[in-house]
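The block underneath contains the structure these notes are about, expressed in structure tokens.
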Amino acid sequence: MSTIKNVPTITDPIIETYRSMIGHRALWMYLMLDEAKKAGLTDDFTEKAIYRCGIIHGEGTSKPANTKSLKNLMKESFKEEIGQKVFEMDIVECTDDYFAVDFHYCPLVAEWKKQGASDEEMPRLCELAMMGDRGIAEAYGCDLELPQTIAEGAPTCQIRFLRKK
421 MSTIKNVPTI TDPIIETYRS MIGHRALWMY LMLDEAKKAG LTDDFTEKAI
471 YRCGIIHGEG TSKPANTKSL KNLMKESFKE EIGQKVFEMD IVECTDDYFA
521 VDFHYCPLVA EWKKQGASDE EMPRLCELAM MGDRGIAEAY GCDLELPQTI
571 AEGAPTCQIR FLRKK
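In this note's numbering, the protein residues as written are 421 to 585.
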């Protein structure tokens, strides 16, 4: 029996469509990792590729705005109402140098559970997916901290971007 609780409270059909699209990303990631494992490969390639994707995404929002302010990151990547509802997020705090957001639902975890991923596999799957966010953080001159995640069995994902000193 899974100890991971990941139950959406927002069930709007449009939001469910967006969750399905994000879940599809989790599906191909999961299947790709499964095939790599069958071929005797480690998941290192995935970590590096997703990190590079995050760098591209982060630079795509920081460079045109000519700023590394985390207020810009929030505006460009976290402010949309649909995205907030998809992850059932609360923006905790946002300054130029610190951005804290909590997710109360994760469509990636939902898809991995649907595919039969065990509670033991979930934290690594999450860490791989979050490499994109680590890349975004790097593009903004920040570190990323994850004090807790849904994939580890916590009620929320606590995502914290902190300016590097």
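Even for Gly, the Cβ is constructed at its ideal location relative to N, Cα and C.
Computed from a predicted structure; not experimentally measured.
Check whether residue i and residue j have beta carbons under 8 Å apart
| i | j | result |
| --- | --- | --- |
| residue 533 | residue 430 | no |
| residue 475 | residue 574 | no |
| residue 443 | residue 547 | no |
| residue 549 | residue 528 | yes |
| residue 511 | residue 523 | no |
Per-residue DSSP class, three states only, for residue i
| i | result |
| --- | --- |
| residue 450 | helix |
| residue 551 | helix |
| residue 507 | coil |
| residue 514 | strand |
| residue 542 | helix |
Residue i Cβ short of 7 Å to the ligand SAH heavy atom set
| i | result |
| --- | --- |
| residue 560 | The model on display carries no ligand, and the ligand SAH is accordingly not part of it. |
DSSP beta-bridge partners of residue i
| i | result |
| --- | --- |
| residue 490 | Paired residues: none, contrary to the question. |
| residue 579 | 521 |
| residue 562 | 583 |
Segment limits, beta strand (DSSP E) that includes residue i
| i | result |
| --- | --- |
| residue 572 | No beta strand (DSSP E) holds residue 572; DSSP gives it neither H nor E. |
First and last residue of the uninterrupted alpha helix (DSSP H) at residue i
| i | result |
| --- | --- |
| residue 471 | 464-485 |
| residue 428 | Neither: residue 428 is in no alpha helix (DSSP H) and is coded neither H nor E. |
| residue 496 | Element bounds for residue 496: n/a, residue is neither H nor E. |
| residue 531 | 527-534 |
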